Structure formats: C-alpha cells, structure tokens
Amino acid sequence: MPVVVAALSMVAGTAAYAADEGSVARGGRLYDKWYSVTGQDAPAESHKLYPASAKYADKPGTNWRCKECHGWDGMGVDGAYSGGKHFSGIKGINGMKGGDPAAVIALLSAPAHGFGDYLGEQDLTDLANFVVQGQDSYAAYVSDGKIVGDVERGKQVYGTVCANCHGDEGKLPKEMPPLASLTGNPWELMHKVLNGQPKEVMPALRVFDHQNAADVIAYIEAELPKE
1 MPVVVAALSM VAGTAAYAAD EGSVARGGRL YDKWYSVTGQ DAPAESHKLY PASAKYADKP
61 GTNWRCKECH GWDGMGVDGA YSGGKHFSGI KGINGMKGGD PAAVIALLSA PAHGFGDYLG
121 EQDLTDLANF VVQGQDSYAA YVSDGKIVGD VERGKQVYGT VCANCHGDEG KLPKEMPPLA
181 SLTGNPWELM HKVLNGQPKE VMPALRVFDH QNAADVIAYI EAELPKE
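Encoded structure:
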C-alpha cells in the first residue's frame, strides 16, 4: 500500500512530524470518529483486533473508533474502560505519549490495525501527533468520575465560546440532547471540548489553558437544564 510505504520511509525523519495544535486537535477528532472526519462510510466488517466476546463486536461503526478500544482517557483497560459495556481488555495508548510519531504511523498502517487502507498521509500524521502530543493528564480535571472546575469561570467561557451555537440553555442544535444531560462522561466531554466534534464547526479549545475546558463542563453540569 502506498500509504504504508510512505509512512515507513519517513520513520527516520521525525522532524517532519513536528506537531502544531491544529494537527493535534484534528488528530483528536480522528481518534473520536475518523471516518466521519474524512467523509467515509464506516468499515463494513468489524476491526480484526476487537475481541469477538466484547459488547460491540458486531458493530463496525463502533469498534473501528480508536476511542472504543483505547478509551477517551487513552488508558484502555487501565482507565475508565476497565469495566462496563465498553470493556474490551485492550491496552491504552498512554505508553506512546511523548514518543515517535513515525512509529505510531507505522503501527497504524500495519495490516493488524489496518488504517493504511483508509487514512491518507496527513490523516495518519495528525492522528499520530495526537497520540504522542495530545494525550492529556485528566487527573487534574476529573476526580472520582466527576469534573473538577470553577463554575463561575466556566459560565464566562460558555457565554463567549459556546452559547452562540448551543444556546443559553445548552439545548441547541435541536437534533442533539441537552448538553447538561451528557456530563456523565467527563473524559469524553474534555476530549470534545479540547479537540472539537467530528464533522462539526465546534471550536477546539486545545490551544488554551485546559482548565477552561474543565470549567465550562463544570458550569454546564451545575447550571444548565438536563431536559
């Protein structure tokens, strides 16, 4: 495959993969739902590395998402996906934090992962940049499954960044549930606030102090209606 050859030929040139925050944020969206970002249909067959005994084994549109195996927190079986309906027993990507993006590209492009059949060179670069430079330590923002943030400061962030699209009460767009009803998974919300929502115009706050993301989620959870 040409993508694999190109990726492997550049393993030595790690400087070519120096990330900027835009690349990392796009990589975060690819990690979320890559086929939506790239405008493709989800693969028709389940990912070969996803266990047949796991809950979503017969749902390729779910088990091909990076987050489904490795978790929103990037820790896989050692993190929030250590149990429950998303448990697959697959390890996280946290071991590659701060590593070599070219090595990640080679891994993604290899037959086992199979992404060389679907993602172009820029897609692989962005996803690799997210894996090595975009993983965030959520310990400072999530405690016992709850977001840790300043509600009043989050109100200011929401009013200036979020309300124009989501409305004062977080009930827009109408085709999605109220934002406050989605706060049960703080790792997912942190990921989306920092990196944006696939195939949407939602801004990514990654370039700013990440406490902003935690604060706005705290405000949404504490002050906005859930219904």
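No gaps in the numbering here: position 24 of the sequence shown is 24 in this note's numbering, and each next residue is one more. For each residue, glycine too, the CB sits at the ideal point set by N, CA and C. All of these numbers come straight from a predicted model, not from anything done at the bench.
(request) May I have the straight-line CA-CA distance separating Lys226 from Ala180, to the nearest angstrom? (result) 5 Å
(request) Could I get the ranges of all uninterrupted alpha helix (DSSP H) runs contained in the stretch 48–120, with 4 residues as the minimum, in chain order? (result) For the stretch 48–120, whole alpha helix (DSSP H) runs of length 4 or above, ordered along the chain, are 60–63, 66–70, 101–109.
(request) In angstroms with no decimal places, state the Cα-to-Cα distance between Arg65 and Tyr31. (result) 7 Å
(request) Measure the Cβ-Cβ separation of Val151 and Tyr219 and say whether it is below 7 Å. (result) yes
(request) Check whether the Cβ of Trp64 sits closer than 6 Å to any heavy atom of the ligand FMN, and report yes or no. (result) Absent from the structure shown: the ligand FMN. Ligands present: none.
(message) Using 7 Å as the threshold, is the C-beta distance between Val161 and Glu21 below it?
(response) no
(request) On the DSSP bridge assignment, give the partners of Val148 in chain order. (result) Paired residue(s): none; Val148 is not in a bridge.
(request) Report all residues from its chain with a CB closer than 6 Å to the CB of Tyr158; omit the five preceding and five following residues, and keep chain order. (result) Cβ contact annotation for Tyr158 (same chain, cutoff 6 Å, sequence separation greater than five): Val216, Tyr219, in chain order.
(message) If you follow the alpha helix (DSSP H) that Cys165 is in, where does it begin and where does it stop?
(response) 163–166
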